[in-house]
Structure formats: structure tokens, C-alpha cells
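Numbering (the numbering used here), first residue to last: 76 to 183.
The beta carbon of each residue, even a glycine, is placed where N, CA and C say it ideally should be.
Comments concern the structure below.
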């Protein structure tokens with residue numbers, strides 16, 4: 076059949092539109108893949124943020140516990156220091172009393 080110029084132009088326009096559609100579809104698929112990859116990376120980053128935050132919270136709790144233990148140990152050390160000073164004074168007093176008793180014995 077003979078081709079009419081308008082039909083030929085329509086076929087060319089359709090072919091051009093088909094090529095354009097294929098390019099658009101390819102670009103859309105690339106965009107969808109890039110979006111999916113970005114979402115996966117964002118999810119992985121968020122998971123890391125959550126895990127790091129939880130780890131930091133555990134570390135802070137351990138630090139607080141260690142600090143409380145340190146304070147308790149310091150209190151015990153101060154108590155032992157006070158008790159040791161009291162024992163020292165008592166032993167010095169006993170030594171003076173023993174020396175005095177020896178002097179008394181010498182006099183008698």
C-alpha cells in the first residue's frame with residue numbers, strides 16, 4: 076500500500092515516543108534502584124545510631140556504678156583512716172601508761 080506523508084510522520088512520531096518512553100522507563104528504574112539503595116543505607120545508619128546510643132547508655136550506667144563504688148570505697152578508706160588514728164592514740168596512751176607504771180614500780 077502506498078504511504079501517505081501524514082501516516083509516515085505519525086509512525087515516526089510513535090517510534091520517537093517509544094524510544095523516549097524506553098529512556099524514561101530506564102531512568103525511572105535507575106531512580107527506583109537508587110532510592111532503594113539510599114533507603115537501605117539510611118536504615119543501616121539508623122541501626123548503627125541506635126546500637127551506638129544503647130552502647131553509650133550502658134557505658135554511662137557502668138560509669139555511674141563505678142563512681143558510686145569509688146565513693147563507697149573512699150568512705151570506707153576514710154573510716155579506716157579514722158579508726159587507725161584512734162588505735163594509734165590508744166596505743167600511745169597505753170605506752171605512756173606502761174611507762175608511768177614502770178616509773179611507779181621503780182619508786183616503790
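Self-check item: Rounded separation between residue 113 and residue 128 - CA only
Solution: 22 angstroms
Quiz item: Is residue 23 helix, strand or coil by DSSP?
Solution: Nothing in the structure corresponds to residue 23, since the chain is present only between 76 and 183.
Quiz prompt | Alpha carbon of residue 97 to alpha carbon of residue 130, nearest angstrom | solution = 49 angstroms
Self-check item: Segments of 3+ residues assigned as beta strand (DSSP E) that fall wholly inside the segment 90-128
Solution: none
Exercise. Rounded to whole angstroms, what's the CA-CA distance from residue 94 to residue 100? Just pull it up for me.
Key: 10 angstroms
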